[in-house]
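For the record, the sequence lines run as chains A and B.
So in the working numbering, spot 179 of the first sequence is number 179, and the numbers just go up one at a time.
To convert, take the position in the second sequence, counting from 1, and add 1000; that gives the working numbering.
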Amino acid sequence: MMRIEGLTFAYPEEKLALSDVSFEIRAGEKIVLLGANGCGKSTLLKILNGLIFPRSGKYLFRDHRITKRTLKGRGLHRDFRSSVVLLFQRPDAMLFNPTVYDEIAFGPRQLGMDGVEQRVADWSEEFGLTDLLRREPFSLSGGEKQKVCLASLLALEPDVLLLDEPTANLDPRTTGWLVDLLQDLTLTTVVATHNLSLAAELGERTLLLSEDHRLTYDGPLTHLLGDRERLLEANLLHRHRHRHEGLEHRHYHTHDWS
Amino acid sequence: MRDRVWLAVYLVAVISATMVHDLRILAAFLLVAAIVGGRETLAIARRAGQAVLFFHAVVAISYTALGLFQGNFSASFLALLTLRVFLLAFLTFLLQRRINLFRALAFSQTLAYVLTLAYSQAMTFRRLLGEFRMALRSRSVRRPRIADLYRHGAATATFLLGKALHDSVEITQAMASRGFFSDSREPGGPVDDAD
């Protein structure tokens, strides 16, 4: 479904973000994109969403090469934008409509879908947003904004959902809700996170980006979790001192530190 | 030292450009600036043109309309205004490419602080703006309508303004916490926060 071949990306200031990355994603896969902060996870998601384009290498979606030029083609643009959606790390970036209702209806209206009202009603009920439909999105809490963004994206009935650190700004209850939702979704998902403790809940296959921006692991998460050296090298594991009633010791941790 | 000299030349040039009212002298200024720009002249001119185009177009159209309506339109005044605005923008972008502003202002600790704060804020806001634009592009199955663009612009501006206000309070408090303001009666001293 999606194929990345020998992809290298650098920002204009010559800051390398991805180096010679290759992988393939099949329909229905649940991928966890792991890596420490600044290793290129967000950049990779933006490339997969056709927002920025690599300096070298290829990105193919359903055998169509995705470039700035090809995405200008009306047919491919429409198909791609309705098939591959991205939940940004900062929900505020995605919200601009006057009400929650309009926010969820934005995509279906653009696609000219039938029964927009019913779709909005269904998705808002699914996400517990029915009482907020007349509210301005910017007045909502962080968790509610995240839900509105997700409902807005899923109302398009996409095939691929990309999520950039989706739990970074959520409270524990909303994090639990999101994990359940992602497990129930049947579409292809790619979730970027540096939170190892949540990774197992978000997917089975892991892509690991190193701090030198290379893909250093592609395989089952269970194998990766047993590879302490690799996790240490990727800066996903840390150790620090503990004190328990006068006793001091050090051991490794995989818990989140954000 | 070199950066400081360039900064001084820039300041003199900017002040001179605002005091000269002769179109030919201003044109000569621009010619000199273009020669100093060397190979980068075209790129700088394009950047300066983009920077002033919208705002100056609004001013020029309003002036032209009002001038024609009142019967006192002056083409030479409009040309002078246009040239001056473009020259000031050109000089600024030329300076930006020629010097390291941090080195140029290193002689003053206060100016260096102000520049660091302003620069870090500008970088943050540039990144945010890029993110907001990408989010709209990502969500747009077809070209957004003009109403969508207006709404998006308004939402972005509202968010950035709120963030700027919030950050200014946070930064002031952080600086106060680190002992930056020795006298709390000075402007920018510890902030009373109702929250």
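Even for Gly, the Cβ is constructed at its ideal location relative to N, Cα and C.
Listing by chain order, which chain B residues have their CB less than 9 angstroms from the CB of residue i?
{"i": "asparagine 37/A", "result": "What asparagine 37/A touches in chain B: nothing, since even the nearest Cβ is about 14 angstroms away."}
{"i": "lysine 58/A", "result": "Result: empty, since nearest Cβ-Cβ is about 21 angstroms, beyond 9 angstroms."}
{"i": "leucine 111/A", "result": "Val1141 and Arg1142"}
With DSSP as the reference, label residue i as helix, strand or coil.
{"i": "threonine 167/A", "result": "coil"}
{"i": "alanine 1017/B", "result": "helix"}
{"i": "phenylalanine 53/A", "result": "coil"}
{"i": "histidine 238/A", "result": "strand"}
{"i": "proline 220/A", "result": "strand"}
{"i": "lysine 147/A", "result": "helix"}
{"i": "isoleucine 4/A", "result": "strand"}
{"i": "leucine 329/A", "result": "Limits of chain A in this structure are 1 at one end and 258 at the other, which puts residue 329/A out of reach."}
{"i": "isoleucine 1035/B", "result": "helix"}
{"i": "glutamate 248/A", "result": "strand"}
{"i": "serine 19/A", "result": "strand"}
{"i": "leucine 154/A", "result": "helix"}
{"i": "tyrosine 1150/B", "result": "helix"}
{"i": "threonine 99/A", "result": "coil"}
{"i": "valine 84/A", "result": "strand"}
Under 9 angstroms, Cβ to Cβ, is there at least one residue of chain B near residue i?
{"i": "isoleucine 104/A", "result": "no"}
{"i": "valine 100/A", "result": "no"}
{"i": "asparagine 169/A", "result": "no"}
{"i": "alanine 93/A", "result": "yes"}
{"i": "arginine 81/A", "result": "yes"}
{"i": "arginine 78/A", "result": "yes"}
{"i": "arginine 62/A", "result": "no"}
{"i": "asparagine 49/A", "result": "yes"}
{"i": "serine 22/A", "result": "no"}
{"i": "serine 152/A", "result": "yes"}
{"i": "isoleucine 31/A", "result": "no"}
{"i": "leucine 156/A", "result": "yes"}
{"i": "isoleucine 25/A", "result": "no"}
{"i": "isoleucine 66/A", "result": "no"}
{"i": "isoleucine 4/A", "result": "no"}
Identify which residue in the options has its Cα closest to the Cα of residue i.
{"i": "glycine 112/A", "options": "Ser1140/B, Val1169/B and Met1134/B", "result": "Ser1140/B"}
{"i": "tryptophan 1006/B", "options": "Phe1077/B, Leu1094/B and Ala1135/B", "result": "Leu1094/B"}
{"i": "arginine 1133/B", "options": "Tyr1113/B, Ala1154/B and Ser1120/B", "result": "Ala1154/B"}
{"i": "serine 1138/B", "options": "Leu161/A, Gly28/A, Pro137/A and Leu208/A", "result": "Leu161/A"}
{"i": "aspartate 1148/B", "options": "Glu233/A, His77/A and Leu95/A", "result": "Leu95/A"}
{"i": "tyrosine 217/A", "options": "Phe23/A, Val190/A and Gly38/A", "result": "Phe23/A"}
{"i": "threonine 1172/B", "options": "Leu1129/B, Val1114/B and Leu1160/B", "result": "Val1114/B"}
Cβ closer than 9 angstroms: which chain A residues qualify as neighbours of residue i?
{"i": "alanine 1147/B", "result": "In chain order: nothing, as chain A lies at least about 10 angstroms away."}
{"i": "phenylalanine 1125/B", "result": "Correct list: empty, because the minimum Cβ distance to chain A is about 13 angstroms."}
Does the Cβ of residue i have 16 or more other Cβ atoms within 10 Å, making it buried, or fewer, making it exposed?
{"i": "glutamine 146/A", "result": "buried"}
{"i": "glutamine 110/A", "result": "buried"}
{"i": "glutamate 165/A", "result": "buried"}
{"i": "threonine 67/A", "result": "exposed"}
{"i": "proline 12/A", "result": "exposed"}
{"i": "proline 220/A", "result": "exposed"}
{"i": "isoleucine 25/A", "result": "buried"}
{"i": "leucine 1068/B", "result": "exposed"}
{"i": "valine 1191/B", "result": "Caution is warranted here: a pLDDT of 45 is assigned to valine 1191/B, below 50, making its placement in the model unreliable, and no coordinate value can be reported."}
{"i": "isoleucine 1025/B", "result": "exposed"}
{"i": "aspartate 92/A", "result": "buried"}
{"i": "glutamate 1131/B", "result": "buried"}
{"i": "leucine 1136/B", "result": "buried"}
{"i": "isoleucine 1146/B", "result": "exposed"}
{"i": "lysine 46/A", "result": "buried"}
{"i": "lysine 72/A", "result": "exposed"}
{"i": "tyrosine 1150/B", "result": "exposed"}
Answer with yes or no whether the minimum CB distance from residue i to chain A is below 9 angstroms.
{"i": "glutamate 1170/B", "result": "no"}
{"i": "leucine 1136/B", "result": "yes"}
{"i": "arginine 1097/B", "result": "no"}
{"i": "phenylalanine 1107/B", "result": "no"}
{"i": "threonine 1110/B", "result": "no"}
{"i": "threonine 1156/B", "result": "yes"}
{"i": "leucine 1128/B", "result": "yes"}
{"i": "aspartate 1195/B", "result": "Model confidence at aspartate 1195/B stands at a pLDDT of 41, short of 50, so the residue's coordinates are unreliable and nothing is read from them."}
Residues of chain A with CB closer than 7 angstroms to the CB of residue i, please, in chain order.
{"i": "histidine 1152/B", "result": "Phe96"}
{"i": "alanine 1176/B", "result": "Near alanine 1176/B there are no residues of chain A at all, since even the closest Cβ is about 27 angstroms away, more than 7 angstroms."}
Which chain B residues are close to residue i, counting only those with a beta carbon under 7 angstroms from its beta carbon?
{"i": "leucine 86/A", "result": "Ser1138"}
Below 8 angstroms on C-beta distance, what does residue i contact in chain B?
{"i": "glycine 107/A", "result": "Arg1139 and Val1141"}
{"i": "lysine 72/A", "result": "Simply none; closest approach about 11 angstroms."}
{"i": "lysine 46/A", "result": "Met1134"}
Closer than 8 angstroms by beta-carbon distance: list the chain A residues that pair up with residue i, in chain order.
{"i": "glutamate 1131/B", "result": "Phe88, Arg90 and Ala93"}
{"i": "phenylalanine 1202/B", "result": "As shown, chain B starts at 1001 and ends at 1195. That puts residue 1202/B outside it, with no answer to give."}
Please indicate yes or no: does the CB of residue i lie closer than 8 angstroms to some heavy atom of the ligand GDP?
{"i": "methionine 2/A", "result": "The ligand GDP is not among the ligands present in this structure, which contains no ligands whatsoever."}
Using a Cβ-Cβ cut-off of less than 8 angstroms, list which residues of the region 119-147 of chain A approach chain C; keep chain order. In the displayed structure, chain C is absent; the protein chains listed are A and B.
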